[in-house]
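What follows is a single structure, written as structure tokens, with notes after it.
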Amino acid sequence: MACVAGCRCCTERRRQSSILYNILKSEERKEAAAPPPLPRAPPPEAAPGPGCSCGSRRRLALRSPQVAGKAASAVLVKTLRFVKSVPCFQELPLDEQLVLVRSCWAPLLVLGLAQERVHFETVETAEPSMLQRLLTDRRQEQQQPPPSSSPQLPSAGEIQAIKGFLAKCWSLDISTKEYAYLKGTVLFNPDLPGLQCVQYIQGLQREAQQALNEHVRLIHRGDQARFAKLNVVLSLLRSINANVIAELFFRPIIGTVNMDDMLLEMLCAKL
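Structure follows, in structure tokens:
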């Protein structure tokens, strides 16, 4: 459905609140006020060898859940602050904003982890013995059945997808401007059900991609494949599961959490 007049999405307002200008200026202000970057993180742990499906199914947990969880929480706050600072995002009705954020908070968070060079280590969790499983099953039969949303630790394969994405970003040495344009592309996704301002959002995503392409052509003239490489980064985000991110980084420090409720609260709060 085309964007309606109530969204105040006129051409002049779009020009004034261009991603090319506003996202970049927002990021530059934050970069100027931020402390010096942390040292480069070490490379991710090796993935299980080809053909080894058992290794990718191993369940992993954070080695230092409080440290990594607090770092991820700080990145999430920074991410939502960035999103709310984009004027063309603010032009959308709150329900449209929430649809976009619900869909993209996890990819944006992982992009933020890459930009902030957040490194985390995991440990394998001990599998319960046959006796322990039998005793647990017997106790559950005598009590209420576990809820369908019971916690499920991420697998080694899911963790490796996150670490592989971070390693890809670090190998490309993505700049602040490139991260800003990538975030704009992820944020303004016109293909989500429930959106009303589809054409407006589609135009913003197209603008972010064009701005990224122009920047790459200007700064990386000798690397004609860089724009394609950055789009590969975007495609890798599709393998990142939002539930995995929530279970890995947030459940250990704040317990069971409804991410939709938390995102709505953060959107309405002054971050």
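For our numbering, add 6 to where a residue sits in the sequence shown, where the first one is 1. Cβ coordinates follow ideal geometry from the N, Cα and C atoms, glycine included.
- prompt: For the alpha helix (DSSP H) that contains Val250, what are its first and last residues?
  reply: Val250 -> alpha helix (DSSP H) spans Ala248 to Ile251.
query: Residue range of the beta strand (DSSP E) that Ala67 falls in?
result: Residues Leu66 to Leu68.
query: For Val3, which option in Asp197, Tyr206, Trp176 and Cys274 has the closest C-alpha, if you only look at C-alpha atoms?
result: With the chain represented from 7 up to 277, any question about residue 3 goes unanswered, as that position is not in the structure.
query: Any idea which residues DSSP pairs Thr128 with across the strands?
result: Here Thr128 is bridged, per DSSP, to Leu68.
query: Are the Cβ atoms of Val73 and Gly118 separated by less than 8 Å?
result: The answer is no: Cβ separation not under 8 Å.
task: Measuring alpha carbon to alpha carbon, tell me which of Arg257, Ala120, Cys203 and Gln215 ends up nearest Thr85.
output: The closest CA to that of Thr85, considering only Arg257, Ala120, Cys203 and Gln215, is found on Ala120.
task: Determine the extent of the alpha helix (DSSP H) in which Cys203 is found, giving its start and end residues.
output: Segment: none, Cys203 is in no alpha helix (DSSP H) and carries neither H nor E.
task: Return helix, strand or coil for Ser177, following the three-state DSSP convention.
output: When DSSP states are grouped into helix, strand and coil, Ser177 belongs to the helix group.
task: Compare the beta carbon distance of Pro113 and Val192 with 8 Å and say whether it is the shorter of the two.
output: Their beta carbons are under 8 Å apart, which means Pro113 touches Val192 by this criterion.
- request: Pull up the DSSP beta-bridge partners for Ser161, would you.
  value: DSSP lists Arg65 as the bridge partner or partners of Ser161.
query: The alpha helix (DSSP H) with Asp266 in it runs from where to where?
result: Segment Met265 to Cys274, the alpha helix (DSSP H) holding Asp266.
query: Between which two residues does the alpha helix (DSSP H) containing Thr182 stretch?
result: Segment Thr182 to Leu193, the alpha helix (DSSP H) holding Thr182.
query: Pro258 to Phe126, Cα distance in whole Å?
result: For Pro258 and Phe126, the distance between alpha carbons rounds to 14 Å.
field: Cβ neighbour criterion (16 or more within 10 Å) applied to Cys203
entry: By the neighbour-count rule (16 or more Cβ atoms within 10 Å), Cys203 is buried.
query: For Leu224 versus Leu188, is the C-beta spacing smaller than 8 Å?
result: In this structure, the beta-carbon distance from Leu224 to Leu188 does not fall below 8 Å.
query: Roughly how many whole angstroms lie between the Cα atoms of Asn219 and Phe233?
result: Here the alpha carbons of Phe233 and Asn219 stand approximately 6 Å from one another.
message: Could you compute how far the alpha carbon of Gly200 sits from the alpha carbon of Leu66?
response: Distance between the alpha carbons of Gly200 and Leu66 is about 35 Å.
message: By the three-class DSSP mapping on this structure, what secondary structure does Gln230 have?
response: Correct three-state label for Gln230: coil.
- prompt: Does the distance from the CB of Ser161 to the CB of Arg69 come in under 8 Å?
  reply: No; because the gap between Cβ atoms is not below 8 Å, this pair is not in contact.
- prompt: Where Asp267 and Ala217 are concerned, what is the direct C-alpha to C-alpha distance, given to the nearest angstrom?
  reply: Taking the straight line from one Cα to the other gives about 33 Å.
Close Cβ partners of Leu254 (< 6 Å) along its chain, the five nearest in sequence each way excluded: These residues qualify, in order along the chain: Pro160.
query: From what residue to what residue does the alpha helix (DSSP H) around Phe95 run?
result: Taken as a continuous stretch (DSSP letters only), the alpha helix (DSSP H) holding Phe95 covers Pro93 to Gln96.
message: Beta-carbon within less than 8 Å of Leu178's beta-carbon, same chain only, minus the 5 sequence neighbours each way: which residues are those?
response: Within the same chain, and ignoring the five residues on either side of Leu178 in sequence, the residues whose Cβ sits closer than 8 Å to its Cβ are Arg232, Lys235, Leu236 and Val239.
Test item: CB-CB of Val107 and Leu269 under 8 Å: Yes.
task: Could you give the DSSP three-state label for Cys261: helix, strand or coil?
output: With the sequence shown as reference, residue 261 is identified as Gly, and Cys is not the correct amino acid for it. In this structure, Gly261 counts as coil in the three-state DSSP scheme.
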